[in-house]
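Heads up, the sequence shown is in full-length UniProt numbering, so the first residue is 1 and it goes up one at a time. Every residue, glycine too, gets a C-beta built ideally from N, C-alpha and C. Computed from a predicted model, the values in this text were never measured in an experiment. Following: one structure in structure tokens, then a few remarks.
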Amino acid sequence: MEVDQLRYFLRVAERGNFTRAAEELNISQPALSRSIQKLEEELGQPVFERKTRSVALTDAGTLLQSRAQQILALIEDTKAEISDDGRSGQIRIGAIPTIAPFFLPDLLRQFSTEFPAASIIVQEDTTDHLLKRCTQGEIDLAILALPVPAKYLEVEELFQEELLLVLPPDHPLVNKPQIRLNDIKALPFVLLDEAHCLSDNIVSFCRQRSFHPVAVEQTSQLAMVQELVSLSHGISMVPQMARKLDQSDRRVYRSMSGIKPVRKIAMVWNPYRFQSRLLQAFQERLRTYARQQDACPS
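As structure tokens, this is what we get:
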């Protein structure tokens, strides 16, 4: 049984399809099929149930999936521990799309200046996918918005930030000295689609105050939310870190009166995986950087 066979097996198990797995592994499908066939011959039973266009794990495959993840994690952790000098190496960071482009660039520049021999890979994805990757050891650290269903993962809150109301410049509320919840209850909202937790933050805040925002449009990009607001398609709420980078005069940002909508930003990691000194250094720089943010301190 070879390490590559286990990697190939896990990719097929994750994708449920030989063709997609082969494309991602950059090998031919016949080569991938032969590798899995040799693995099954060694085990003496099939690990996949072949269907017309997909595969499903057999009982043996389910057991092998768990063991293969443990074996590969042990190999990776051993290599990382042996080569850990605290200054060089690779860190794999995950962040949700409403955090990554606004929060990470300056932090990464500062860290790269201090640790020039370090390599940082950033993966942008939804919360559910990042938690899964963190659990499986595909990333070392995730930066997310709370709450998160982080079973077997360590969660540390970093800071809070306000969600600002964003309006088109000609909206009647722009000139209102104070904007309260009653002022926006009947207004149409532009929100991110359901895959993004920012919409959950907004809807949860509104529901706790006895109203449900009516979403007239949903999109997958925060920049598109801002553009649709500019075009008077509706109003929305945008994280303060995104507002800081928005220099357009086609949108107006206002802070809500009374209890303000906020979101809590946290870092998440797998405490059962090896934590290199380089990763620990990044975590410390992340904590310091988070405290420096001009947001709503936790």
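Measure how close the beta-carbons of residue i and residue j come, nearest whole angstrom, since I'm counting them as under 8 angstroms.
| i | j | result |
| --- | --- | --- |
| Pro136 | Gln69 | It is worth fixing the name first, because residue 136 is Gln in this sequence and not Pro. The pair is a contact, with the Cβ atoms about 6 angstroms apart (cut-off 8 angstroms). |
| Ile235 | Leu187 | 5 angstroms |
| Leu278 | Gly94 | 17 angstroms between Cβ atoms; not a contact. |
| Asn17 | Val55 | 7 angstroms |
| Ser88 | Ala60 | The Cβ separation is near 40 angstroms, so there is no contact. |
| Val190 | His233 | 6 angstroms |
| Ile96 | Leu144 | 6 angstroms |
| Ile27 | Val12 | Actually they do not touch by this definition, with Cβ atoms about 11 angstroms apart. |
| Val148 | Thr127 | 6 angstroms |
| Lys79 | Gln160 | That belief does not hold up - the Cβ atoms of Lys79 and Gln160 are roughly 38 angstroms apart, past 8 angstroms. |
| Leu222 | Leu192 | 7 angstroms |
Would you mind reading off the limits of the beta strand (DSSP E) that contains residue i?
| i | result |
| --- | --- |
| Gln123 | Ala118 to Glu124 |
| Pro188 | Pro188 to Leu192 |
| Thr219 | Val214 to Thr219 |
| Leu173 | From DSSP, Leu173 is part of no beta strand (DSSP E); its letter is neither H nor E. |
| Leu141 | Leu141 to Ala145 |
Per DSSP, what kind of secondary structure is residue i in: helix, strand or coil?
| i | result |
| --- | --- |
| Ala13 | helix |
| Thr62 | helix |
| Glu76 | helix |
| Gln5 | helix |
| Arg109 | helix |
| Ile202 | helix |
| Arg20 | helix |
| Leu130 | helix |
| Ala95 | strand |
| Ile235 | strand |
| Ile36 | helix |
| Tyr289 | helix |
| Gln45 | coil |
| Ile82 | helix |
| residue 380 | The requested residue 380 is not part of the displayed model; the chain covers only 1 to 298. |
| Arg209 | coil |
| Ile71 | helix |
| Pro30 | helix |
| residue 307 | Since the displayed the chain opens at 1 and closes at 298, residue 307 lies outside it and no answer follows. |
| Glu138 | coil |
| Ala100 | helix |
| Ala223 | helix |
So who's on the other strand from residue i, going by DSSP bridges?
| i | result |
| --- | --- |
| Ser230 | Its beta-bridge partners do not exist; DSSP assigns none. |
| Gln90 | Ser119 |
| Arg50 | Val55 |
Can you name the start and end residues of the alpha helix (DSSP H) that residue i belongs to?
| i | result |
| --- | --- |
| Ala155 | Correcting the residue identity first, residue 155 is Val in this sequence and not Ala. Here Val155 belongs to no alpha helix (DSSP H); instead the beta strand (DSSP E) covers Glu154 to Leu167. |
| Asp183 | Leu181 to Ile184 |
Is there a C-beta anywhere in chain D that falls below 7 angstroms from the one on residue i?
| i | result |
| --- | --- |
| Glu2 | The structure shown contains no chain D; it holds only a single protein chain. |
Whole beta strand (DSSP E) runs in the stretch 240 to 284 with 3 or more residues, listed along the chain?
252 to 254 and 262 to 269
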